Amino acid sequence: MKNRLRNSLKNLSALIKNMSALKRQTLISICVSALMLTLINQADRYTLARGYSTKPLVILFGFLSAIPILGILFVLGRYLARETDEYVRMMVVKSLLWAAAVIVIATTLQSALAEWSTEWVLSPNETACMTFDLFFTVASIVFVIQLWRNR
Amino acid sequence: MKNRLRVLRAERGWSQADLAQRLEVSRQSVNAVETGKFDPSLPLAFKLARLFETTIETIFSDEN
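First to last, the protein sequences are chains A and B. Quick note: the first sequence uses this note's numbering, first residue 1343, plus one each step. Quick note: the second sequence uses this note's numbering, first residue 26, plus one each step.
As structure tokens, then:
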């Protein structure tokens, strides 16, 4: 089990090393943004649970949560503008479109269910995290499927 | 669009990876162009023509 984990980590580091600088920078930026978003949301929850929330603090957390999202949009835009391989660029755009479609469907469905039952009501933080995670999970899956279909 | 990429590549004994390296694109791109799943842009078509020392029309032809 340990050896398998070690091998997987080795393979992952080799994969990252073999990536172009642009892809590596983009991947690292997305991971850092995801981490930032999680930390900001956790800090927001903590202050809310402890009763420290004030209006300025809530506004501050709201703006802070938007920073990683804007960062990712910037990083993805930069990646698409600089990617020289037109076929890879097309695959990335396709993956992002699929992810956007799934997000729109998921949030529409969740909103409709929330109208019907309070069990489905999500806090803005939960919605932000769900949207973010779902978007990149779907985009990654679609990208891998496209690579597999064209192996 | 039809293309003779596979034939031209085989004549030179190049693998898809070799051609991809020469074109500075991914192997998936070469495979997609070769199988007709993806039509390359003009710059890539010119690059291919230069690489195979021929014209674009020799490599690509309209199916109609």
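The beta-carbon is built from N, C-alpha and C at its ideal position, and this holds for glycine as well. Remember, it's a predicted structure, so these values are computed and weren't measured experimentally.
**Study point:** Any C-beta of chain B under 9 Å from that of Met1432 (chain A)
**Key:** Interface residue (Cβ-Cβ distance to chain B less than 9 Å): Met1432 (chain A) is classified as such.
Practice item. Go to Asp1427 (chain A), then tell me how far its alpha helix (DSSP H) extends in each direction, as first and last residue. Key: Careful: Asp1427 (chain A) lies outside any alpha helix (DSSP H) and carries neither H nor E.
Check your understanding: Does Val58 (chain B) have its Cβ less than 9 Å from a Cβ in chain A?
Key -> yes
Check your understanding: the stretch 1419 to 1449 of chain A: which residues have C-beta closer than 9 Å to a C-beta of chain B, in chain order?
Key -> Thr1426, Asp1427, Glu1428, Tyr1429, Val1430, Met1432 and Met1433
Check your understanding: Using DSSP with H/G/I as helix, E/B as strand and the rest coil, what is Asn1383 (chain A)?
Key -> helix
Review point. So with Cβ pairs under 9 Å, would you call Glu82 (chain B) a contact of chain A?
Key: no
**Study point:** Bridge partner(s) assigned by DSSP for Asn28 (chain B)
**Key:** B:Phe85
Check your understanding: Just how far apart, CA to CA, sit Cys1373 (chain A) and Leu1399 (chain A)?
Key -> Between Cys1373 (chain A) and Leu1399 (chain A), the C-alpha separation is close to 25 Å.
**Study point:** Candidates B:Glu49, B:Ala45 and B:Lys27: closest to Arg34 (chain B) by CA position
**Key:** B:Ala45
Check your understanding: What in chain A is Cβ-close to Val50 (chain B), meaning under 9 Å?
Key -> Thr1426, Asp1427, Glu1428, Tyr1429 and Val1430
**Study point:** Where Ser66 (chain B) meets chain A, residues with beta-carbon distance less than 7 Å
**Key:** Glu1428
Check your understanding: Relative to the alpha-carbon of Leu1464 (chain A), which residue among A:Ala1423, A:Gln1452, A:Asp1475 and A:Ser1362 has its alpha-carbon at the smallest distance?
Key -> A:Gln1452
Review point. Residues of chain A with CB under 8 Å from Lys62 (chain B), in chain order?
Key: What Lys62 (chain B) touches in chain A: Asn1492.
**Study point:** Beta carbon proximity, Leu1381 (chain A) to chain B, threshold 9 Å
**Key:** no
Check your understanding: Residues in its own chain within less than 6 Å of Arg52 (chain B) by CB, not counting five upstream and five downstream?
Key -> Gln41, Ala42 and Ala45
Check your understanding: With 16 as the cutoff for other CB atoms within 10 Å, does Asn90 (chain B) come out buried or exposed?
Key -> Since the displayed chain B opens at 26 and closes at 89, residue 90 (chain B) lies outside it and no answer follows.
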